[in-house]
Structure formats: structure tokens, C-alpha cells
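To start, the structure under review is shown below, and the notes come after it.
2 protein chains.
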Amino acid sequence: MTVHIVTIGDELLIGQIIDTNSAKMAQFLLEIGAKVTGKTTVGDEHDDIIGALKIASASADIVLVTGGLGPTKDDVTKKAIADFYGTGFVFHQETLERLHRILDRLGKPITDALRDQCWMPQNAVILTNLMGTAPGMWFEEGGKVLVSMPGVPFEMEYLMEHEVVPRLQGRFNPLPTVHRTLFTSGEGESTIAEYLKNFEETLPPQAKLAYLPSIGRVRLRLTVSDVDEIFVKKTVEEKFREMERLLPPEIVAGYDNDTLESVIGQTLKAKNLTLSTAESCSGGYLAHLITTVPGSSAYFLGSVVSYANEVKMKQLSVSEETLRQFGAVSGQTVQEMVAGANRLLGTDIAVATSGIAGPDGGTPEKPVGTVWIAVGNQHRTVTKKLKLGKDRLRNIQYTGFYALDLLRLFLRDLDQNA
Amino acid sequence: MTVHIVTIGDELLIGQIIDTNSAKMAQFLLEIGAKVTGKTTVGDEHDDIIGALKIASASADIVLVTGGLGPTKDDVTKKAIADFYGTGFVFHQETLERLHRILDRLGKPITDALRDQCWMPQNAVILTNLMGTAPGMWFEEGGKVLVSMPGVPFEMEYLMEHEVVPRLQGRFNPLPTVHRTLFTSGEGESTIAEYLKNFEETLPPQAKLAYLPSIGRVRLRLTVSDVDEIFVKKTVEEKFREMERLLPPEIVAGYDNDTLESVIGQTLKAKNLTLSTAESCSGGYLAHLITTVPGSSAYFLGSVVSYANEVKMKQLSVSEETLRQFGAVSGQTVQEMVAGANRLLGTDIAVATSGIAGPDGGTPEKPVGTVWIAVGNQHRTVTKKLKLGKDRLRNIQYTGFYALDLLRLFLRDLDQNA
């Protein structure tokens, strides 16, 4: 079951809107084992839309179209779809009645533009959109399906969940498909690929491994699809375990929807430990990452962002002597920041950062991108020096990632020493 | 000058990555008067890529390709492009040397996968990518241009800015085009559109107004393009001033590349004032926004992230009585947090946040999304209650935005009272 997505709208082409719909649709489709094989975006132009529909329907079983409906679009999409099928229009009374009910509730009169929305291509099956005024449309011809949905994300999501996915399942009865995901932390995509080179080569044709890299992390998703459901379940489990064994255990950071932040949170909760941060160059970003996790208030007590040296000394008790002798960007300073944060905020573990985020402030000995990070409790503190790049925002993001990863490894060592 | 964008990658089709690159590329292209007329996404499949390149190059003057270049992609894109042109490969020694320099600095050995990246199609002009390992490639044939770039957003952006845009300008010499941008803060797109309805209708055909909305902000970009350069400059200035006069002055927050954070920084520097934050529900995000601005250490001294009530009391001197009587999420608490931060960190102005970010922790009186923010100096403190939604991350982001906007208006009032 292959799918081609067509997204329509001038606003998508000129970069005014980022297309989040296709990713969301693909996720819905993945769950039912359907595969998106291509995607085309065109503006609100009749001929361009027809061209895209031709390419799409020639290359896939299912064409999902979003956008180009709605009262300000002059119904160009609906006209193009009708012309694509060589059909005329009929008035859809039910849609008009639904529009009346919506507008009555809002105390608004029905406009001509809205009334025009009730004209539908003759061969359309109408999909009721409880989230907005423009309904979805389902077409079938020559064994192929075409679905047109509004471009408003929550309207599209409603139609996918309640109308399109159930109908596609009934219509195509797709292959049983199972995914397993793990993510690694601290190694790049190419290093991971080296570990898994032979593994990938010996995967059966029903299995596929996807690499999804982000800063310092690689998400590895193994997918198995086959008519034989028992084979699928068995193969995905076996191969997933095999893959995990091939990776150094210290870089396997979590599974499925885990993130580095959520894994750290789970560990802290399980060990009943509290956390704080003392941040210079990361400027609060580290605390932000930690507090994106729901329920983080159970273990995260707070942070001191000490951008000024006075704050490092007064709040975090970094000694003037340390700052003078080694400088604010040094292993000694981040070590004292860790001790200071644990004492000040009454936490078990603290993470500290200090560095030169740039673009200015570098020296020959400590160029822009020089960052020290530290993690410690009352017994032990580990420090690490990073040599990052010249871009300020990226330096902040990388500092946040490396500090979290150092914390993850610190918590892991606690386990092993326990 | 028309452009077709081709984005390559299984991860785009399966919905694991949202394609932000095309919107960014379209924005770069808009600057030089080039128009994106279509966009195609395909997976990492040789034949699909060639199919997309054929469609793209038949329909536009320029084809911009991103993605499919990383070390785990088996160079499928490069092979497809070479086959599209019917050409072979040459080894690019300079790229190998650059890879060696990068890896030496990281203390890592060069892998086979990385070495393979140095083989390039014979007809490629190599575009040096200072942000990563995979270079960009520029092709010209039959009056058409094709450019291949890595899919990593900041690598693509670097290449667009430093290589692709200047080369396209040199190659196609588009119409003289001038943009002027301002951004508003605190009003939505539809409200702004009401203010500018008549203005837009009376714009000459050579002028175009683009709305670029983000959280709480709308960037308004006026573009004028014409063969007559004097007309362009005169028209853009006149119309821009006219547009600005039609907007309430308190919502016009900045111009051109300004951001809310940078405008606030400029004001603080000009007035020689220092700033701190005291954050509960924003969890460091506000300090992070402030410290993304280069040079922010000149006015931002630090932050106390007081996730725990003990930290609010001990560090920020919020009284136990206030917490008991009004709760941590209250106007009284954020007011005391402001005073506490100014005193503790020795700053002139402080911003405070406290709220229920969710998904849990709400009560009937204070549902999830209830947030209090405050800004104050030693003379005056203003507070504001926000009623946000149910999504944790969005609540954090909106709190950050509204707190910055309250700070902007506070600084504006200082001016008017001075």
C-alpha cells in the first residue's frame, strides 16, 4: 500500500508556513503499514494541481491531498480534482445544514463563500469534518483512492483519525507491521553505521533500519512488515536484540519515545535523587531542557544562571582566587559551581557549564567554543572540556546536550558502583 | 527566475522529520526575487530521485536539492545526480584534506564512509561547507542550474547564504528588489490584517506584503521589485512608512533582523540597565531566550530558576505567608520574586514567571495553563495573568514570549516617563 502526498498552497511555496501536515500524515500511515513513497507541493494553480495529481496517482495506490480548500482559496483544488476526474458538481445539502448549525451557534450569518463550499464533485464521498467548515472528500477510481482534506492541521488530523485511516484499513487491509526504536547518545551517525554495517547487510528483506540523527543522538528504528504476523513479531524482537548487542552499552541511552531528558528524569525518580544546575554559557538552556519533561518538578529543584562573575562568587561560592588563577572558563570553576549549586539549592546532584559561546570573547588560549562542563554529588565530580564551533546558538545547544549526556553517564556509573 | 525544490530522505517521507528546509530556502529565494513554483519529496531511492530531478528541471530554471548526502545514505543522491547527467565520478582531494582537519581537531580517525564522501560527479562545482563534512555541489547544463546541499538545516543555511544565493544572483541577475521588514508584538495576524486591509488593496503591482507569524509576533515584509531601481527604492520607503503609521505604535516592536530579545538588549544597553530573571514555570527558557543574543552578558547578570518552593523562599525571599495565602501561582508571588531577584542578583530590572505548565498540577481555580508574569524595578512592578492551553512545551514558549513582551512594554514606559 503506497501513498503519495500532495500539499497545496502558495503559502507553502513561499516559505510562510512550514508543512507539518505531511509528517503527521506519514505517522498515521506508518501505523497501518502504508508507505509514503513521494510528496509533491504545488501552489493554488489549477493546472499545477492537475499535474501533481497525475504524477501522484501514477506512482502510488493512494493519493492524500491537503490544502487549497477553504473560503479564500476560490475552490481551485475542488475544481482541479473534478477536472482531473472529468466530472461535474452537485450541491451537498447536508454540508449546508451543518454549516448553518455551526454559524447559528456562533451567531454569524452564512456567507456566499461558505455556501459555495457545499458544491462537491459528483463522484466524491463526503467525509464529515467536525473540526471546521470544509469537509473532506474521498474518491475511488480504477482501484486507486484519492482523499482531499483541509490544510488546517487539527482538521486534517481529525479526518485522518476518524475517517481516512479506518477507511484505508478496510479498503487495503495492509501488512502487519511492527517498529522498535532505540536511541544512542554521544556518537555520530557514521560511527553507529560502522557498528551496524554487517547487521544491516544480513537483515531479511522484510526488515528495514532507519537512522534519525539529531544533536549528539541517533534514533535507530527497526521496522518489520510481512503478511505473517507471527514472523513479524518474532523477527523484530530477535533483530532488535541483536542490534542492541552490537552497540557499546554505554551509548544506548533509551527506547521508543524516550528522550535524553526523560531518561535522566526516570533515573533520578527511581533513585530518589534531586537535581540542580549552575549555568554560565548555557544561560538557562540546560534547565529548560530538563523542565520540558512533564513531572520534572519531582526531582529538579532549580538553577542558578550565573552569567556575571559576581553571581558565581556570591551565589555559587566560586572563590575569587579560582576565577583569578584559572578563569571563569575552567575545570576548577565548573567544579566549584557544582559544589555551590548542591549546597545552595540543597540538591544531591548538580550540573555546571561555563564557556565562551561567542561570537566574541575568545582568546588565543580559550577560543570561542571552549566550554567546560561538570557533574557531581557530594562524593565525586567529573569535568569535561568541549571544543565547539563559532556559532553562538549551536554552542548553547551542544553544551546542553553534552551536559545532559555527562549527567546520564554519571547516573549510570552510580548504578554500576552501587 | 523559477525554482523547484527537491527534498530527499526516507525520514521526510515516514514523518520522522518535519521539513523546515524548504520554507527556509523559499525565504532566501524571495530575497533575490526568485519564485518557488513547486516542491517534490522522495525517499533515498535512486530511480525516484532521478524521476524527481527530471520533473523539477523540466518545470523550473533552478533545481535546489537537499538531503540524501550523509555517510549512511550510501551516496544514493550523488549517484542519482551523476546518472541524471550521464557522468562519472572524480576524487576530490581538497574535501578529503578538509575532513582530515575537522577530524584531527576532534581527535577522531577518518572512516571509510567519510572517505567515500570525497568522490564527486565529474561536472560538479564543489561548494565548501564550513558547517559539516558533506560539501554542496553546483551543476549547470542547458541553461539550467541544479544545486545539491546536505539536509542538515544549518549546513543548508550556510551554503544558501554564502554560496548559492550569491551565485544565483550572479548567474540570473534578477530584478532590482528591496525589502523592508518590521515586526509587531502582542497582536495576532488577523488583527494586523484588519489594520492593513485598505493599505494592501492600494499597493502597486510591483509591491508585495508578506505576513510571517510566529508566537505572539508577526513579521511584515514589504517587497518591491521592478526594472527601475529608483522607483523601487522610493516606493519601498514611502509604502513602508505608510504601513507603519497605520499600526498602533505600541505594537511595532522592531525592524529588519531585530528580534524581541535583541530589541530588549539594545534598550537595556542604551539605558545602562542590568537584568535578571526569576523563573518557575518557564524553567530557564526565559534566560535562554535572553542569552541567545550575542553580547547579552553586558546587561544580563543571571537568573534563579526556582522550581521548588524552598528555592523561592530561601533564594528569592518569597514569604511563606504569601505562598500559603495566595499560592505559588499568584500575582503576589511573582511580585515578590521580582523584588527578590533584583536584590539577590543586584540588578535594576527583573522578570518573574510562575504557573502551571501541565500536563498535571491543575485545579478547578487554577487550571493547567494559568501563568503569572511580572516585571519590575525598585520603584514599580507590573504583573499579568495569562490563560494558556494544555500543552506543556507551548505553555513554556508562550510564557517566555509574554514575559519578554511585558519587559519590552515596561522599558517603553520608562522612556515615556523619562
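Protein chains in written order, with my numbering: chain H, 1 to 418; chain W, 1001 to 1418.
Glycine residues also receive a C-beta, built at the ideal position from the N, C-alpha and C atoms.
No experiment lies behind these values; they were computed from the predicted model shown.
Looking at the backbone, the Cα of R1105 of chain W and that of L404 of chain H are separated by about 23 Å. For Y1085 of chain W, there is no enclosing beta strand (DSSP E); the enclosing alpha helix (DSSP H) has its first and last residue at V1076 to Y1085. Annotation for V1224 of chain W: V1178, Q1206, A1207, V1232, T1235 and V1236 place their beta carbon closer than 6 Å to its own, counting only its chain and skipping 5 residues before and after.
Taking one beta carbon from each stretch, the region 74-86 of chain H and the region 41-52 of chain H have 3 or more pairs nearer than 8 Å; the two touch.
Among the residues facing chain H, L1222 of chain W is not included, as its CB has no counterpart in that chain under 8 Å away. C-alpha of E1310 of chain W to C-alpha of L386 of chain H: approximately 33 Å in a straight line. Minimum Cα-Cα distance from G43 of chain H among the listed residues W:G1038, W:A1374, W:T1274 and W:V1042 corresponds to W:G1038. In this structure Q122 of chain H touches V90 of chain H by the C-beta definition: roughly 5 Å separates them, less than 8 Å. Shown in chain order are the members of the region 286-306 of chain H whose Cβ falls below 9 Å from a Cβ of chain W: L286, A287, H288, L289, I290, T291, T292, V293, P294, G295, S296, S297, F300, L301, G302, S303, V304, V305 and S306. It is roughly 27 Å from the alpha-carbon of L286 of chain H to the alpha-carbon of T1133 of chain W.
The beta carbon of S190 of chain H sits closer than 8 Å to some beta carbon of chain W.
Across the region 1011-1034 of chain W, CB contacts with chain H closer than 9 Å involve E1011, L1012, L1013, I1014, G1015, Q1016, I1017, I1018, D1019, T1020, S1022, A1023, K1024, M1025, A1026, Q1027, F1028, L1029 and L1030, in sequence order along the chain.
With a minimum length of 3 residues, the unbroken runs of beta strand (DSSP E) contained wholly in the region 1100-1152 of chain W fall at 1119-1121, 1125-1127, 1136-1141 and 1144-1149.
Contact check for M25 of chain H and G1151 of chain W: beta-carbon distance about 20 Å, past the 8 Å limit, so the pair fails to qualify. Here DSSP, grouped into helix, strand and coil, assigns E45 of chain H to coil. As the crow flies, the alpha-carbon of T1007 of chain W is around 12 Å from that of E1045 of chain W. For Y1195 of chain W and V65 of chain H, the gap between their C-alpha atoms comes out near 33 Å. Counting C-beta atoms within 10 angstroms of its own C-beta, D256 of chain H has fewer than 16 neighbours from the protein chains shown and is therefore classed as exposed. For Y1211 of chain W, the enclosing beta strand (DSSP E) covers residues A1207 to S1214. Contacts with chain W at 8 Å (Cβ-Cβ) include I396 of chain H.
Not a single CB atom of chain W sits nearer than 8 Å to the CB of K54 of chain H.
Annotation for H1004 of chain W: V1036, T1037, G1038, K1039, T1040, I1055, A1056, S1057, S1059, A1060, I1062, V1063 and L1064 place their beta carbon closer than 8 Å to its own, counting only its chain and skipping 5 residues before and after.
Around the beta carbon of V1305 of chain W, 16 or more other beta carbons lie within 10 angstroms, which makes this residue buried. Taking a contact to require three or more Cβ pairs closer than 8 Å, the region 154-168 of chain H and the region 208-227 of chain H do not qualify as touching. For E1200 of chain W, the closest C-alpha among the options W:R1167, W:R1217, W:L1246 and W:G1254 is that of W:L1246. Using a Cβ-Cβ cut-off of 8 Å, K1039 of chain W counts as an interface residue toward chain H, since at least one Cβ of chain H sits closer than that to its own. Between A1350 of chain W and V1334 of chain W, the gap from beta carbon to beta carbon reaches 8 Å or more. For Q397 of chain H, the closest alpha carbon among the candidates H:R412, H:T259, H:S296 and H:C281 is that of H:C281. DSSP, reduced to helix, strand and coil, places I1032 of chain W outside both helices and strands of the structure shown, so it counts as coil.
Legend: CB atoms of the region 1369-1402 of chain W lying less than 8 Å from CB atoms of chain H belong to residues R1392, L1393 and I1396.
With distances taken between CA atoms, T381 of chain H lies nearest to H:G340 out of H:G340, H:M149 and H:G400. Contact annotation, A270 of chain H with L260 of chain H: C-beta distance approximately 16 Å; criterion of less than 8 Å not satisfied. Taking a Cβ-Cβ cut-off of 9 Å, the neighbours of E194 of chain H in chain W comprise T1111, D1112 and A1113, given in sequence order. Counting of Cβ neighbours within 10 angstroms places E1279 of chain W among the buried residues, the total reaching 16 or more.
Proximity of V329 of chain H to chain W, defined by a Cβ-Cβ separation below 8 Å, is not satisfied. For H100 of chain H and L114 of chain H, the gap between their C-alpha atoms comes out near 10 Å.
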